[in-house]
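> One structure is given below, represented as structure tokens, and several questions about it will come after.
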Amino acid sequence: MDKKLRKLSQKPFEGPEYYIPNDALYSTVTREAIRAVLPCITEGMSSGELDGLAQDIYGRKVDGKEIQEFRKIFAVLVLIGKAGSIMDFVKAGITDAKLPLKKTEETRIFGLALTGAEGRPIRLFRRWEQRDIEAFESCQWETLAPFFSRGTKEESWAQRYVLSWNYPLPFEIIPPCEDITNPTGQSSGVARTGKSGSTSASTDSMRGGNSKVWKVKIHPAHHKLQSYRGSGTTPTFAIKRLAATGMDRDTFKNEVSILTKLNKCNDHHLVKLLLAMEIVDRPEKDSSTYFLMFPLADGNLRQFWQQHFPHAGRSHMAIYGRWMAKQFYGLVWALCKLHDLHNREAHYHNTNKNEDEDTMNNTEESFYGIHGDIKPENLLWYEKWVGPEGLQDCPGVIPPSGPLGVLQLADFGISKLHHTATRSNVNMRRATKTYAPPEIEWGLYECSRSFDIWSLGCVFLEFLCWLVQGDSGDTNPVDVFQQERYLNDSNKSLEGTLQDTFYQIIGIEGRKETRVEINPAVKELIVSLKKSPKSSAFVNDVLDIILDHMLVVEPKSGTEVAKSKEHPRKESKRIDCMALAAKLSHMAMNETNDEYFTEPKGKPPNSVEIDPQAITIKKSTTELRVQRRWSMSRTFPPASGRGGIPRPDEQRRASTLPKVSTTQTQ
1 MDKKLRKLSQ KPFEGPEYYI PNDALYSTVT REAIRAVLPC ITEGMSSGEL DGLAQDIYGR
61 KVDGKEIQEF RKIFAVLVLI GKAGSIMDFV KAGITDAKLP LKKTEETRIF GLALTGAEGR
121 PIRLFRRWEQ RDIEAFESCQ WETLAPFFSR GTKEESWAQR YVLSWNYPLP FEIIPPCEDI
181 TNPTGQSSGV ARTGKSGSTS ASTDSMRGGN SKVWKVKIHP AHHKLQSYRG SGTTPTFAIK
241 RLAATGMDRD TFKNEVSILT KLNKCNDHHL VKLLLAMEIV DRPEKDSSTY FLMFPLADGN
301 LRQFWQQHFP HAGRSHMAIY GRWMAKQFYG LVWALCKLHD LHNREAHYHN TNKNEDEDTM
361 NNTEESFYGI HGDIKPENLL WYEKWVGPEG LQDCPGVIPP SGPLGVLQLA DFGISKLHHT
421 ATRSNVNMRR ATKTYAPPEI EWGLYECSRS FDIWSLGCVF LEFLCWLVQG DSGDTNPVDV
481 FQQERYLNDS NKSLEGTLQD TFYQIIGIEG RKETRVEINP AVKELIVSLK KSPKSSAFVN
541 DVLDIILDHM LVVEPKSGTE VAKSKEHPRK ESKRIDCMAL AAKLSHMAMN ETNDEYFTEP
601 KGKPPNSVEI DPQAITIKKS TTELRVQRRW SMSRTFPPAS GRGGIPRPDE QRRASTLPKV
661 STTQTQ
């Protein structure tokens, strides 16, 4: 039995050197195997007594329900050469359920006590040599790899585990391969080369600015989680270790709180938290390590662009366009739920079984959230997505996945939730500057939800660039567009460094007055897309929405907005999520009109006029002046049997668009 147990041991993700999977342990420590060993380790027992002892070790029901067994303890004793002591454990009633036994003292000489027994030593160890006590304490962890299960509805389907550092984590790291995805949307920082812009990863993990991510399989005997990728696939997951630097329990609780609230939103376009884990380190270190687990994505949006370049072009434009319309609408609808959360606080499962200061109250409150770092890397792509039961898609849009999969909003590491009464904003010092709005240049890191609208507008514009220009060429047009924003010599930050933002700062030299303009490369791309014979009514309509409602410079600085008593969203000139969803809804519901996604809307829009200084922010020592001057024709798609998109002079919120769901569904 000793050799068989050692042969079946596996290396854990973290924890002791080895662990014995549950199925391996229980298939080895059977009643028959126990009975065969007992004559070798006992004396003077009859055959009937040996049968009874074997049954005791294997397990007996108590009161017809609970099973008291000693199989793990017996396995530990076999491994350390003390199998003959099993009768002492049976007589003392120290069952598997009472593991782990804890040290009575953190010194070289210690006894073992029951957890929660206030350090009182277990008497049976008094007759043991110290080296045997040490061996038992160390070896017991090899049998204690945790079992992970899906949380309940009350736990927002995501359990929280608090584990000692000794517990082995039964995860197997999946080696990296070509075009490996970053599972949680964190930027991997790997250079993109070649025609498709991809390289092989060289490590077992992917680092983001604030975390480290692994692709893992969980041993099948240690979980009942689902990866939601359909039948016939091996469940694989992404485990994200939050950065140790500056990480504290409050930061971890904040991200878990956001993710569990979003789990309750039951939305296909929001990333699904499966579990949260706090690993409590050795007492002398007085620290913890924090993990989050998600279904493994096939990539992020940037990797989708790379993998699908060049795409099939004209022959598949209706498929791409209709899918993009659904994803645009779905992502905006998901962002609506983040921006206007109204849900119950989450509850988590704690393996310590103790209530602590983490316990969330059960009062219903209104919250609003801000993502703060929307970018292609934080939009996960699931090529085959099933989703948990009870998930909702946007009103009128079925099915959620479609031929190209589904995109999900992810990485809420710098996000915040706010009570509606506080009106506080989010500090965006860690946001990705490329997709940040121009007000961040003045050091105005406190931002409102309109921050997300600008960022999403940038991503939508890149997506349209890929759609219209991505059917040929040696270089992905999204990468070309990025380089063109860089190549603009005047596109420098206030510190004078080149940047690839969607705006530029003018007048840096004198410093007496500076202003912000849309990056000329952005203007040129918009004109090029509108004039392209490959463009369509869908492309033109989304461009109009981006220009008129998303890439809009705010009328006041972030500081002025923060000081205002008004709700931050009321101060914004950018469109809010609900109004944006209304404008996108009928595009996403268009199931029959292929021409809308393939044919230009009449002649190319040569009437488009973009003032070279269309959007400016003038900054002096005393004030910020804002000027907005766009001359842009606005057109909308024809009705598709479900009604047209509301025009700008109509209500901001379409009466036909239902309110964001705020209740749990099962």
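Residue 463 in the UniProt record's numbering is what sits at position 463 of the sequence shown, and the numbering runs on without skipping anything. C-beta atoms are modelled at their ideal positions from N, C-alpha and C, and glycine is treated no differently.
1) Would you kindly work out how many angstroms separate the C-alpha atoms of L292 and L242, rounded to a whole number?
2) CB-CB under 6 Å to T598, same chain, minus the five flanking residues each way: which ones, in chain order?
3) Suppose the cutoff is 7 Å on Cβ atoms and the five residues either side in sequence are ignored; what does the same chain contact list for C40 look like?
4) How would you label residue 676, buried or exposed, when you count the other beta carbons within 10 angstroms and need 16 or more for buried?
5) Do L25 and residue 717 come within 8 Å of each other at the CB atom, strictly closer than that value?
6) What is the residue span of the alpha helix (DSSP H) that K3 lies within?
7) Quick check on L270: does DSSP put it in helix, strand or coil?
8) Per DSSP, what are the beta-bridge partners of R322 in this structure?
9) Measure the beta-carbon distance from D267 to A334 and round it to whole angstroms, keeping in mind my assumption that it falls under 8 Å.
10) Measuring only the C-alpha atoms, how far is E17 from D56?
11) Span of the beta strand (DSSP E) holding A238?
12) Could you give the DSSP three-state label for E484: helix, strand or coil?
13) Distance, Cα to Cα, F70 vs G52?
14) Check whether the region 586-600 touches the region 533-552, counting contact only when three or more Cβ pairs, one atom from each stretch, lie closer than 8 Å.
15) Considering W128, what are the terminal residues of the beta strand (DSSP E) in which it resides?
16) Have a look at A221 and Y167 and give me their C-alpha separation to the nearest angstrom.
17) Give a yes or no on contact between the region 248-257 and the region 301-312, applying the rule of three or more CB pairs nearer than 8 Å.
18) Which residues in the same chain have their Cβ closer than 8 Å to the Cβ of S227, if we skip the five residues on either side of it in sequence?
19) Check the DSSP bridge columns for P121 and list the partner residues they point to.
20) Pick out whichever of D281, F463 and P437 has its Cα sitting closest to the Cα of V162.
21) Quick check on the DSSP output: the beta strand (DSSP E) that includes L79 runs from which residue to which?
22) With DSSP as the reference, label K103 as helix, strand or coil.
23) Tell me the DSSP secondary structure of Q68 in three-state form.
24) Buried or exposed: where does S9 fall if 16 or more other Cβ atoms within 10 Å of its Cβ makes it buried?
25) Q226 by DSSP, collapsed to three states: which one?
26) In terms of residue numbering, what span does the beta strand (DSSP E) encompassing I258 cover?
27) Excluding sequence positions up to five away, which residues of its chain have a Cβ less than 6 Å from the Cβ of F252?
28) In the DSSP assignment, what residue or residues form a beta bridge with K375?
29) Looking only at DSSP bridge pairs, what is M277 linked to?
30) Looking only at DSSP bridge pairs, what is F304 linked to?
31) Grouping DSSP H, G and I as helix and E and B as strand, with all else coil, what is F148?
32) L404 to T115, Cα distance in whole Å?
33) Taking all protein chains shown into account, do 16 or more other C-beta atoms lie within 10 angstroms of the C-beta of F89, making it buried, or fewer, making it exposed?
34) Between the alpha carbons of G643 and P12, how many angstroms are there, rounded?
35) Anyone know if the C-beta pair for L270 and K337 falls short of 8 Å?
36) Leaving aside the five residues before and after S262 along the sequence, list all residues of the same chain whose C-beta is less than 6 Å from its C-beta, in chain order.
This is what the structure holds:
1) 8 Å
2) M317, A318 and S536
3) none
4) Residue 676 is absent from the model: the chain starts at 1 and stops at 666.
5) A question about residue 717 goes unanswered here, because the residues of the chain that appear run from 1 up to 666.
6) D2 to L8
7) strand
8) DSSP lists no partner for R322.
9) 5 Å
10) 30 Å
11) F237 to L242
12) helix
13) 13 Å
14) yes
15) No beta strand (DSSP E) contains W128, which DSSP labels as neither H nor E.
16) 16 Å
17) no
18) T233, P235, T236, F237, P295 and L296
19) A113
20) D281
21) Not the beta strand (DSSP E): L79 falls in the alpha helix (DSSP H), residues R71 to L79.
22) strand
23) strand
24) buried
25) coil
26) Per DSSP, I258 belongs to no beta strand (DSSP E); it is in the alpha helix (DSSP H), R249 to K264.
27) Y290
28) In DSSP, K375 forms no bridge with anything.
29) Y161 and F291
30) The partner list for F304 (beta bridge, DSSP) is empty, contrary to what the question assumes.
31) strand
32) 51 Å
33) buried
34) In this prediction, G643 scores a pLDDT of 34, lower than 50, which makes its location untrustworthy; the coordinate-derived value is nonetheless stated afterwards. Taking the straight line joining both Cα atoms gives about 57 Å.
35) yes
36) It is worth fixing the name first, because residue 262 is Leu in this sequence and not Ser. Correct list, in chain order: L270.
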